[in-house]
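Each remark here refers to the structure printed beneath this line.
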Amino acid sequence: MRRLKRHSAPGFSLVELLVVLAVIGIIGGISIPIVRMFSQNDLQRGARELHTVLRAARVYAATYNVNTAVIYQLNTGVMDDTVRRQTVRCLQAAAVVYQLPADMGLHKGKYVPVPKFGAEFRPFTQGHAVLLDTVPDQTGGPPGLPVYARMEGGEFYVGENAETVNIQNSLGMTSVPVYLGHISPNSADWEAEYDETASVRYLGHVFNSAGQLSSGGEAQRYRMLFAPAPDRPREERMWSTLPLTEDDVLVKWLSGDMPGGVMGMLGVPIEIFRSTGRVNMGSL
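Right under this line is the structure:
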């Protein structure tokens, strides 16, 4: 009796299919931590850059015996906060400026860009910002209150029904008058070239000639949070052992009713000590 030859059907056998699915599962399990690792690297790199700028401003102030400030640029318009579900503002770029002396006529007291840093604001790492929030008091705690304040010559809009606290007493910043116009090296031209419309106020940390933080209130330490921007997906802004898609879970956490170790913000606190001007990178 002749035996019929078997012809293998195209495609995977059951064993091969199980192996392929297992490999896909392993790759998927590895890729998520890798993506998070890269985002964490961006976060740390951006925080280090801001930390370096603040330290450089402090050194410049003490070296050249002149008040020096790190000023910040607000994001354009309001931004949707994916955690709080409201509109907020944040800081997205920084520049370094120093204060002109009293013998500069109409320019006196104004801040102008530091030559070595340049006149342009340097954006923070893409997708990241300094949050205008008080930093959580404990690991896994919800963000503090939004921080905004009325400044000379303007007011920050914060969205509807937002409770706020004073920006000086919480973040150590103040309103810094910055002159962005051209200043001639010829002193006879100073008055003629002065243009008041070129003077703009920015939020900033000011270091005096002794290298001390001279802005802010009376606290000895100020903290601000460098973190993924408010409009980034929740998964990029928080760690959690619970599904972040469940709004009731998020509301419970924001109200402080969630036990510790369940979820928390991602970010790097940057600390500035008033009496010494020392700048540190902390952790949540």
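Under numbering that gives the first Met the number 0, the first residue of the sequence shown is numbered 0, with each subsequent residue one higher.
Note that the Cβ used here is the ideal one computed from N, Cα and C, for glycine as well.
Nearest-angstrom Cα distance between residue i and residue j?
| i | j | result |
| --- | --- | --- |
| residue 274 | residue 166 | 19 Å |
| residue 171 | residue 222 | 8 Å |
| residue 159 | residue 84 | Confidence is the limiting factor: at residue 159 the pLDDT is only 41, short of 50, which leaves the residue's position unreliable, though a coordinate-based value still follows. C-alpha separation (whole angstroms): 11 Å. |
| residue 227 | residue 48 | 15 Å |
| residue 137 | residue 281 | 12 Å |
| residue 189 | residue 196 | 15 Å |
| residue 143 | residue 262 | 15 Å |
| residue 213 | residue 134 | 21 Å |
| residue 29 | residue 256 | Confidence in residue 29 is poor, its pLDDT being 47 and thus under 50, which makes the residue's placement too unreliable to answer from. |
| residue 218 | residue 50 | 20 Å |
| residue 32 | residue 180 | Residue placement at residue 32 is poorly supported in this model, since its pLDDT is 47, which falls under 50; the coordinates are not used for a value here. |
| residue 156 | residue 78 | With a pLDDT of only 43 at residue 156, under the threshold of 50, the placement of this residue in the model should not be trusted; the figure read from the coordinates follows. Whole-angstrom Cα-Cα distance: 11 Å. |
| residue 270 | residue 224 | 9 Å |
| residue 41 | residue 124 | 7 Å |
| residue 73 | residue 113 | 20 Å |
| residue 251 | residue 283 | 20 Å |
| residue 248 | residue 242 | 8 Å |
Kindly give me the distance between the Cβ atoms of residue i and residue j, rounded to whole angstroms, as I take these residues to be in contact under 8 Å.
| i | j | result |
| --- | --- | --- |
| residue 205 | residue 173 | 6 Å |
| residue 75 | residue 236 | At roughly 20 Å, the Cβ-Cβ gap does not stay under 8 Å, so residue 75 and residue 236 are not in contact. |
| residue 175 | residue 110 | 6 Å |
| residue 92 | residue 122 | 5 Å |
| residue 209 | residue 101 | About 18 Å separates the two Cβ atoms, so there is no contact after all. |
| residue 129 | residue 89 | 6 Å |
| residue 127 | residue 215 | 23 Å between Cβ atoms; not a contact. |
Which first and last residues belong to the beta strand (DSSP E) in which residue i is found?
| i | result |
| --- | --- |
| residue 80 | 78-80 |
| residue 130 | 127-130 |
| residue 177 | 173-178 |
| residue 146 | It is not in any beta strand (DSSP E) - residue 146 carries neither H nor E in the DSSP assignment. |
| residue 271 | 267-272 |
| residue 112 | 110-112 |
| residue 279 | 278-280 |
| residue 264 | 262-264 |
Check each candidate in the options and name the one with the smallest Cα separation from residue i.
| i | options | result |
| --- | --- | --- |
| residue 131 | 266, 114 and 104 | 266 |
| residue 108 | 244, 263 and 178 | 178 |
| residue 146 | 125, 169, 139 and 128 | 169 |
| residue 106 | 95, 192 and 46 | 192 |
| residue 182 | 77, 269 and 103 | 103 |
| residue 277 | 61, 64 and 211 | 211 |
| residue 202 | 96, 46 and 77 | 96 |
| residue 86 | 264, 229 and 271 | 229 |
| residue 54 | 44, 67 and 245 | 67 |
| residue 141 | 187, 272, 260 and 271 | 260 |
| residue 234 | 258, 254, 215 and 264 | 264 |
| residue 98 | 248, 63 and 73 | 63 |
| residue 253 | 240, 58, 194 and 139 | 139 |
| residue 240 | 258, 58 and 120 | 258 |
| residue 59 | 71, 207 and 187 | 207 |
| residue 220 | 268, 242 and 232 | 268 |
Let's see if you can read the secondary structure: which residues bound the alpha helix (DSSP H) around residue i?
| i | result |
| --- | --- |
| residue 166 | 166-170 |
| residue 250 | 246-253 |
ask   = Which runs of the alpha helix (DSSP H), 4 residues or longer, sit entirely within the region 188-236?
value = 189-192 and 233-236
ask   = In chain order, which beta strand (DSSP E) runs of at least 3 residues are fully inside the region 55-107?
value = 67-73, 78-80, 85-87 and 89-98
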